[in-house]
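Participant: Take a look at the following structure, please.
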Amino acid sequence: MIFVNELIKAFCKRTTIAIFAVLLLLNGVLLYINETKQTLEYTPEQYKAAYQTLEGLDTHVAFERISQKKTALNKILDLFVSKN
Numbered sequence: 019m020i021f022v023n024e025l026i027k028a029f030c031k032r033t034t035i036a037i038f039a040v041l042l043l044l045n046g047v048l049l050y051i052n053e054t055k056q057t058l059e060y061t062p063e064q065y066k067a068a069y070q071t072l073e074g075l076d077t078h079v080a081f082e083r084i085s086q087k088k089t090a091l092n093k094i095l096d097l098f099v100s101k102n
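Here my numbering = 1-based position in the sequence shown + 18.
And the structure:
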């Protein structure tokens, strides 16, 4: 019971409540900023085109194709990074 009373005393002080209010406000502002300046890396048309190339394929075949493209992309990135 003493522990509960001490928690109530700690969290009901004005400074603690003010800190929580400021953190809650800051969290809301940061969420708003991140949602409004969100940029899409790919357009919906690009997603549709990628999906159409895999549509109707067996899961294992689709996975193999994606793995091959990922490997090729990693090799290109390695070449680019090694030049810099």
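Glycine residues also receive a C-beta, built at the ideal position from the N, C-alpha and C atoms.
Values in this document were obtained by computation on a predicted structure and should not be read as measured data.
1) Using the Cα positions of V40 and F98, report the straight-line distance between them to the nearest angstrom.
2) How many angstroms separate the CA atom of F21 from the CA atom of K27?
3) Reducing DSSP to helix, strand and coil, say where Q64 ends up.
4) Roughly how many angstroms separate the alpha carbons of K93 and R83, rounded to a whole number?
5) To the nearest angstrom, how far is the alpha carbon of K31 from that of N23?
Facilitator: So, to answer that:
1) 45 Å
2) 10 Å
3) helix
4) 16 Å
5) 13 Å
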